[in-house]
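Written below as structure tokens is the structure these notes are about.
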Amino acid sequence: MDKVKILIVEDEKPIRDLMDIQLRGAGFSCAAAGDGLKAADMIEAQRFDLILLDVMLPGADGFELMEYIRPTGVPVIFITARHEVRDRVRGLRLGADDYIVKPFDTVELLARVETVLRRYRKAESRTEIEGVTIDFDAHAAYKNGKPLDLTAKEFGLLVLFARNRNIALYRETLYERVWEGEYDGDTRTVDLHVQRLRKKLGWEKCLVTVFKVGYRLEASK
Amino acid sequence: MRFSWKLFMWTISIAAATLAVGGYYIVNSFFRSALSAETKQALEENGILRFALETAALNVPSKYESLGDQTVARIGATLDTGGQSRYLRISGENSAALYESGGFCADGRILERVADGGLAHRITSANGRFYIQTAVKISVLDRGLYLETLRDITGVFEERGAGFAVYRKVCAVVLLCEGGIIFLLSRWLTRPVRLLSRAARNMAGGNYAYRAKKVGNDELGALTEDFNEMASCLEYDVERLEEAARSQEEFVGAFAHELKTPLTAIIGYADMLRSRRMDEETRMLSADYIYREGRRLEKLAFRLLDIIVLGRAEKPSASFRAGAVFEYLRDTFSKLDADLELIYDEREVVGDAALIKTLLSNLIDNAVKASEPPAKIEAAGEDRGGVYVFTVADHGRGIPPESLGRITEAFYTVDKSRSRSRHGAGLGLTLCQTIARLHGSELDIRSAPGAGTSVSFSLEVKY
Chain A
1 MDKVKILIVE DEKPIRDLMD IQLRGAGFSC AAAGDGLKAA DMIEAQRFDL
51 ILLDVMLPGA DGFELMEYIR PTGVPVIFIT ARHEVRDRVR GLRLGADDYI
101 VKPFDTVELL ARVETVLRRY RKAESRTEIE GVTIDFDAHA AYKNGKPLDL
151 TAKEFGLLVL FARNRNIALY RETLYERVWE GEYDGDTRTV DLHVQRLRKK
201 LGWEKCLVTV FKVGYRLEAS K
Chain B
1 MRFSWKLFMW TISIAAATLA VGGYYIVNSF FRSALSAETK QALEENGILR
51 FALETAALNV PSKYESLGDQ TVARIGATLD TGGQSRYLRI SGENSAALYE
101 SGGFCADGRI LERVADGGLA HRITSANGRF YIQTAVKISV LDRGLYLETL
151 RDITGVFEER GAGFAVYRKV CAVVLLCEGG IIFLLSRWLT RPVRLLSRAA
201 RNMAGGNYAY RAKKVGNDEL GALTEDFNEM ASCLEYDVER LEEAARSQEE
251 FVGAFAHELK TPLTAIIGYA DMLRSRRMDE ETRMLSADYI YREGRRLEKL
301 AFRLLDIIVL GRAEKPSASF RAGAVFEYLR DTFSKLDADL ELIYDEREVV
351 GDAALIKTLL SNLIDNAVKA SEPPAKIEAA GEDRGGVYVF TVADHGRGIP
401 PESLGRITEA FYTVDKSRSR SRHGAGLGLT LCQTIARLHG SELDIRSAPG
451 AGTSVSFSLE VKY
């Protein structure tokens with residue numbers, strides 16, 4: 001499968017660059033547009049797998065652009081700085097697949113992007129890392145063809161590490177993502193699960209502890 | 001009970017009572033006069049019969065020393081010519097009847113009243129008919145006789161009854177008509193009250209634009225006018241409150257948006273720096289973005305603080321030399337890629353020099369941003385007879401007319417992408433306006449798209 005191509009439409013250069021770095025880091029191919037008209041031109045000229053679309057844009061705004069994108073069938077995640085529910089509802093009604101509210105962090109951005117891509121079968125449902133095959137759809141992992149016995153939390157951690165390779169994931173982030181709760185500073189739960197995961201996968205070498213921070217999966221892409 | 005009903009009920013009751021009493025009085029007075037005419041007639045008849053009886057008694061041949069009972073009876077029969085309307089009875093000293101017309105149906109109690117002479121009458125009834133009974137004591141020859149007459153006056157009573165019946169009908173018709181008229185009248189009179197009430201309900205329901213319709217120029221009309229005036233004041237106040245609430249909400253929304261963009265960048269880049277190994281170039285780019293966006297937040301925060309503080313400050317009473325401010329501007333913008341032309345009258349003006357410098361610097365900044373390089377900008381100070389007018393003019397892209405009214409609103413930007421790319425916080429003109437207002441002036445912004453913009457404000461000249 002070719003590299004997934006994502007178009008970032010965002011007028012704020014710092015944020016455009018930020019998303020660009022984050023997505024490239026995760027192995028995507030990116031193009032960026034700073035206003036609606038340029039974005040429209042690019043959509044016409046090239047084929048994208050996903051469009052990240054800011055709502056407030058000079059030129060043509062995100063909603064107008066969405067009507068333009070919809071016939072092409074390209075999935076859209078729209079980015080909004082507004083907390084206003086009606087904007088989100090309008091975006092979703094116009095055919096957006098998901099939305100991200102500013103400010104967001106890398107992990108959230110990548111999670112949403114992958115979810116939408118998988119929905120459109122544009123991301124592989126299986127991936128292999130360091131001898132472990134992960135089947136995202138089946139919620140299962142295999143090592144040397146044998147299924148691994150993972151708990152739901154362990155599988156969640158595995159997916160998170162797989163998506164954020166070579167990135168130091170803070171215990172706080174791991175906890176908030178996998179346990180979906182407010183992190184209260186208690187590291188033992190996270191540590192315990194990571195250690196067990198490490199053992200089950202045989203990842204003693206590549207799933208490294210980052211001193212005072214958390215863990216990082218060191219793997220080539 | 002509704003007021004119109006009260007009015008209706010009271011009016012109709014009073015009318016009915018008046019009609020009843022008045023009608024009774026009238027019918028009764030007719031009855032009385034008819035009755036007294038009948039009485040008079042009866043008494044006259046009695047007089048005539050008495051005379052006739054006396055005459056007849058005198059004509060009795062003188063050979064009769066005394067008047068015999070039969071004679072009296074005979075005379076009585078002669079006199080009894082009244083038919084069905086007049087009856088008579090002649091009684092002797094012992095009240096025993098000597099002659100009595102057929103159908104005379106009254107007792108002789110009246111005779112006691114005339115035993116000592118005189119004429120008496122009374123009204124009596126028998127078998128459903130009414131009569132006037134008169135009685136007199138007559139002395140003829142040696143006899144003391146009683147003459148009684150009975151006159152049928154049933155007609156008078158019947159007439160009274162008929163009068164009442166007719167009157168009842170008349171009353172009913174009159175009351176019905178009157179009732180209708182009063183009903184309509186009471187509705188008409190209370191209409192302003194109902195209209196007012198409806199207006200009050202409408203206003204209570206939130207429809208502040210509703211006004212009561214004024215009917216008539218009376219007290220209720222005046223009340224309606226007062227009410228409407230009150231409603232207008234209220235509507236104005238509510239509108240102002242709503243406007244204030246709306247602008248507050250817009251401000252908070254815009255502020256949140258303005259905060260989120262730099263925050264997203266700062267959090268995002270910081271997160272990358274802390275969790276990812278990056279090449280030197282990306283690392284520096286990230287750090288630079290964090291720095292710049294941090295500065296942007298700082299500027300936003302301090303601008304906002306300035307606006308809030310200045311919005312509550314007192315009008316400055318200090319004065320400064322206008323020339324000094326223009327010299328400062330010349331120095332500050334000398335490195336700028338712009339042709340800044342300064343023309344000014346040297347005057348001592350009332351105001352805070354530091355704030356005026358901020359104001360003019362902001363205006364010149366805006367002018368530069370609005371122009372394509374090389375920008376040509378004029379800053380002028382002119383004494384117009386005691387009022388010192390500062391003007392900053394450019395020949396840039398200008399402001400669309402529809403945006404001109406909102407340009408000083410916090411976070412309002414005509415073209416989002418342009419102002420952002422030049423790191424505007426969207427508060428510059430708001431701050432300028434706040435400073436101008438603090439000095440008792442307003443920003444006078446004139447602009448034509450494509451031709452440029454000129455912004456002026458004025459200060460007092462100090463003599």
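In the order they appear, the protein sequences are chains A and B.
Read in my numbering, the first sequence has 135 at position 135, and its numbers run on one by one without any break.
Read in my numbering, the second sequence has 379 at position 379, and its numbers run on one by one without any break.
The beta carbon of each residue, even a glycine, is placed where N, CA and C say it ideally should be.
Keep in mind that this is a model prediction, so the values were computed, not measured.
Count the other C-beta atoms from every protein chain shown that fall within 10 angstroms of the C-beta of B/S419, then say buried if there are 16 or more, exposed otherwise.
-> Reliability fails at B/S419, whose pLDDT of 45 lies under 50, so the model's placement of it is uncertain and the value that follows must be treated cautiously. So B/S419 ends up on the buried side.
For A/C30, the three-state DSSP class (helix, strand or coil) = strand
Using the Cα positions of B/Q41 and B/I48, report the straight-line distance between them to the nearest angstrom.
-> 10 Å
Who are the neighbours of B/E293 on chain A, taking C-beta pairs under 7 Å?
-> P14
Distance between B/C233 and B/A212 (C-alpha atoms, nearest Å) = 14 Å
Beta-carbon neighbours of B/S403, restricted to chain A and to distances below 9 Å | Going along chain A, no residue has its Cβ under 9 Å from B/S403, so there is no contact; the nearest lies around 14 Å.
Within chain B, the residues that A/A168 reaches when beta carbons sit closer than 8 Å = R274, S275 and R276
What residues of chain B sit near A/Q195, judged by a beta carbon separation below 9 Å?
-> Result: empty, since nearest Cβ-Cβ is about 20 Å, beyond 9 Å.
CB of A/V55 within 8 Å of CB of A/D87, strictly | yes
Quick one: what does DSSP say A/H193 is sitting in, helix, strand or coil?
-> helix
Does the beta carbon of A/G25 come closer than 8 Å to any beta carbon on chain B?
-> yes
Rounded separation between A/V210 and A/T106 - CA only | 18 Å
Near B/S417, which residues of its chain fall below 7 Å by C-beta distance, leaving aside the five closest residues on each side in sequence?
-> With a pLDDT of only 48 at B/S417, under 50, the local geometry of the prediction cannot be trusted, and the value read off the model is given with reservation. Excluding residues within five positions, none has a Cβ falling inside 7 Å.
So, does the CB of B/G426 fall closer than 8 Å to a CB anywhere in chain A?
-> no
Under 8 Å between C-beta atoms, does A/I129 make it to chain B?
-> no
For B/T434 and B/L310, the rounded distance between their alpha carbons = 7 Å
Please report how far the alpha carbon of A/A111 lies from the alpha carbon of A/R163, in whole angstroms.
-> 8 Å
Are the CB atoms of A/A168 and B/S286 nearer to each other than 8 Å?
-> no
Between the Cα of B/V461 and the Cα atoms of B/R384, B/S454 and B/I26, which residue gives the shortest distance?
-> B/R384
At least three beta-carbon pairs within less than 8 Å, the segment 179-191 of chain A to the segment 117-130 of chain A = no
Just list the beta strand (DSSP E) runs in the segment 344-414 of chain B, keeping only unbroken ones of 3 residues or longer that don't cross its boundaries, in chain order.
-> 348-350, 375-384 and 387-394
Output yes or no for whether 8 Å exceeds the beta carbon distance between B/L176 and B/S91.
-> no
Closest by C-alpha distance to A/D49, when choosing among A/K5, A/Y215 and A/A31 = A/K5
Straight-line Cα distance separating B/G118 from B/L147 | 11 Å
Output the boundary residues of the alpha helix (DSSP H) element that contains B/L163.
-> Reading off the sequence shown, one finds Gly at residue 163 of chain B, where the question assumed Leu. Here the alpha helix (DSSP H) through B/G163 covers T154 to A204.
Quick one: using the 10 Å Cβ neighbour count with 16 as the cut-off for buried, is B/S441 buried or exposed?
-> buried
Is the CB-CB distance between B/I377 and B/D365 below 8 Å?
-> no
Please report how far the alpha carbon of B/A318 lies from the alpha carbon of B/H439, in whole angstroms.
-> 11 Å
Answer with yes or no whether the minimum CB distance from A/L18 to chain B is below 8 Å.
-> yes
List the residues that DSSP assigns as beta-bridge partners of A/I100.
-> A/I79
Name the residue from B/S403, B/E346 and B/F31 whose alpha carbon lies nearest to the alpha carbon of B/F326.
-> B/E346
Verify the CB distance criterion: does A/I21 have a CB-CB separation below 8 Å to chain B?
-> yes
Separation of B/I181 from B/W5, as counted between CA atoms = 13 Å
Is DSSP giving B/D226 helix, strand or coil here?
-> helix
Beta-carbon proximity check, A/M19 vs A/A31, cutoff 8 Å = no
For A/K38, name the three-state secondary structure that DSSP assigns.
-> helix
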